[in-house]
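Before any comments, here is the structure.
Take a look at the structure:
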């Protein structure tokens, strides 16, 4: 990509949400708005490298999208089309208006917040599959190009393009209005939006498939969407809770990869390398979330905060972590939450108690194929001196995971399982965690196991 | 990815910065925060208010400003964005406000990348 094209895309990333939102409001048609906006981007990519980036790129893009709408309207002469609204509007202004930019700029500002919210809710419409919701929110609110979304999710641009087209068709067929949800729908719709953003974060944080341990760009993208969302919904506790959770987890990104790209688990991380700016932001967001009443994401953020505040694994308030997981298990019952709770119990009360908790979960169908289950068992068994069984369980974890770096970690642990465990001071607690990826990803663990693409 | 932007004044008009510029800067900051891009920004006092610590030839020393040999830094901003070009775009918007509202002012901004997890990933051979 040329330097100018990169500059055009940078403008696009900043303006895409507002542009698509304004176009969709005026056409009432999300898919048409998205097409028009993309076409306007194409024009910008042709013209700006030649003529320079305009002083007011947002207005330029809006005006261009409107001209395109008029062209399309004239070409199609389809009076039934929703594009007619936009086209008629533009025609009424007349092509030779002295300064169309100022009007348009005003209009862009008036209802930006509502436009963006409608955009978010439409992109996460319940008629769409989760994969489609992820793609649409990254493309519209995030302003990402199809090729970037495809790369982030390790799929081809063609496949991702088809997914996006299909999603737009689905919205049209479901006759999904470009509107805010009703008051009764709002809580569920909002939960879905937060879930989609957190899924994007997790996809980056615990890179379910492929060779990378983390894909930081996806984490940052999700964090950005979350920060935009709390600006749009400042009174909503769980939006703050989600941002708190992501800021706190992202604070560990730099410390959780070793010099060879291998995973570094929570106990082994150099906590001085944590990002204390993000921790401070996360703790502040957590306070706001708790003041506003909290919710399941806020509880998860509170768990992450227990780690963020602790100087070491030993200093961590494990009984509080256990209590928070107990609350979470009531709010959002899930075997994954119970597995994480079992790890915390092992840390708070010793490996025998932890193992006993894990035994209850072995029959859980939802945890079949979940590599952390055997990994946690292996760790407790190792601490209890059952090296044979521990090696077997680490091998099982390695065979189950879809992530290359995680597999190499489990295989190393399997090899080491028979050896004298600790040359380090600090006893079983440190070893407990070093063998347990779940402790690092525990607060990252989604409420249901991640889909493994 | 995170960028630290350091703004330097090259030419400052005799007239003080107009209030409209201050208002516009606050508005742009709000936009950038709402876009999830701006983490922090503040203005800086002239270097006369600061000091410089130096290690040369094994000797530590500290001397008070002003630092006459360099341009005065007047503000910093910390952005978290998807590309260098985005950080440059926000910075350009900031400079454009000066152009539009404070004629005669000239300056330059260094857009510096903060080391982040993505640099770590890039430094490591994949696979």
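Residue numbers (our numbering), protein chains in the order written: chain A, -14 to 438; chain B, 175 to 301.
Think of the CB as a built atom: it goes at the ideal place given N, C-alpha and C, for glycine as much as any other residue.
Examine the Cβ distances between the segment 223 to 230 of chain A and the segment 282 to 292 of chain A and report whether three or more of them are shorter than 8 Å. yes
Can you tell me whether residue 385 (chain A) is buried or exposed? The criterion is at least 16 other CB atoms within 10 Å of its CB, across all chains shown. buried
Could you tell me whether any Cβ in chain A is nearer than 7 Å to the Cβ of residue 257 (chain B)? yes
Taking DSSP as the reference, what is the three-state secondary structure of residue 431 (chain A)? Caution applies to residue 431 (chain A), whose pLDDT of 36 falls short of 50 and renders its modelled position unreliable; the value that the coordinates give is listed next. Three-state result, residue 431 (chain A): coil.
Against chain B, with Cβ distances strictly below 7 Å, would residue 366 (chain A) count as a contact? no
Reduced DSSP category for residue 79 (chain A) - H, G, I as helix; E, B as strand; rest coil: Unreliable placement is indicated for residue 79 (chain A), whose pLDDT of 46 sits below 50; the coordinate value is still reported in the next sentence. Reduced to three states, the DSSP call for residue 79 (chain A) is coil.
Applying the criterion that 16 or more other CB atoms from any shown protein chain within 10 Å of the CB defines a buried residue, is residue 5 (chain A) buried or exposed? buried
Cβ of residue 119 (chain A) within 7 Å of any chain B Cβ: no
Mind reading off the beta-carbon distance from residue 341 (chain A) to residue 326 (chain A)? Whole number of angstroms is fine, and I expect it under 8 Å. No, residue 341 (chain A) and residue 326 (chain A) are not in contact; Cβ-Cβ is about 12 Å, not under 8 Å.
Taking the alpha carbon of residue 249 (chain A) as the point to measure from, which residue in A:205, A:16, A:311, A:391 has its own alpha carbon closest? A:391
Roughly how many whole angstroms lie between the Cα atoms of residue 394 (chain A) and residue 134 (chain A)? 28 Å
Does chain B have any CB closer than 7 Å to the CB of residue 34 (chain A)? no
Closer than 9 Å by beta-carbon distance: list the chain A residues that pair up with residue 263 (chain B), in chain order. -8, -5, -4, -2, -1, 38, 42
Taking DSSP's pairing of strands, which residues face residue 107 (chain A) in a bridge? The partner list for residue 107 (chain A) (beta bridge, DSSP) is empty, contrary to what the question assumes.
Of the residues that make up the segment 275 to 291 of chain B, which ones have a beta carbon closer than 9 Å to any beta carbon in chain A? 289, 290, 291
Could you tell me which of A:354, A:400, A:369, A:366 sits nearest to residue 388 (chain A), measuring between CA atoms? A:354
What does the alpha-carbon distance come out to for the pair residue 186 (chain A) and residue 239 (chain A)? 15 Å
Can you confirm whether residue 204 (chain B), when its beta carbon is compared against all beta carbons of chain A, has any partner nearer than 7 Å? no
Closest by CA to residue 379 (chain A), which one among A:17, A:356, A:369? A:356
First and last residue of the uninterrupted alpha helix (DSSP H) at residue 50 (chain A): 42 to 61
Since residue 439 (chain A) meets chain B, which of its residues come closer than 7 Å, beta carbon to beta carbon? As displayed, chain A neither begins before -14 nor continues past 438, which places residue 439 (chain A) out of reach and without an answer.
So, does the CB of residue 260 (chain B) fall closer than 7 Å to a CB anywhere in chain A? yes
Between the Cα of residue -11 (chain A) and the Cα atoms of A:39, A:109, A:3, which residue gives the shortest distance? A:39
For residue 251 (chain A), does the count of other Cβ atoms within 10 angstroms reach 16, so buried, or fall short, so exposed? buried
Report the three-state DSSP secondary structure of residue 242 (chain A) (helix, strand or coil). strand
In the DSSP assignment, the alpha helix (DSSP H) including residue 185 (chain A) goes from what residue to what residue? 171 to 190
Do residue 233 (chain A) and residue 267 (chain A) have their CB atoms nearer than 7 Å? yes
Spatially closest choice to residue 170 (chain A) from A:14, A:272, A:111, by CA coordinates: A:111
Determine, using beta carbons only, whether residue 338 (chain A) comes closer than 7 Å to chain B. no
Could you tell me the alpha carbon to alpha carbon distance between residue 22 (chain A) and residue 349 (chain A), rounded to whole angstroms? 47 Å
Closer than 7 Å to chain A by CB, residue 201 (chain B): no
C-alpha gap between residue 293 (chain B) and residue 180 (chain B), whole angstroms: 21 Å
Sequence-distant residues of its chain with Cβ nearer than 7 Å to residue 192 (chain B) (five each side left out): 275, 276
If you measure from the beta carbon of residue 224 (chain B) to each beta carbon in chain A, is any gap under 7 Å? no
Rounded straight-line distance, which links the Cα of residue 180 (chain A) to that of residue 278 (chain A): 18 Å
Rounded Cβ spacing between residue 8 (chain A) and residue 43 (chain A) (contact assumed at less than 8 Å): Not a contact, Cβ separation roughly 12 Å.
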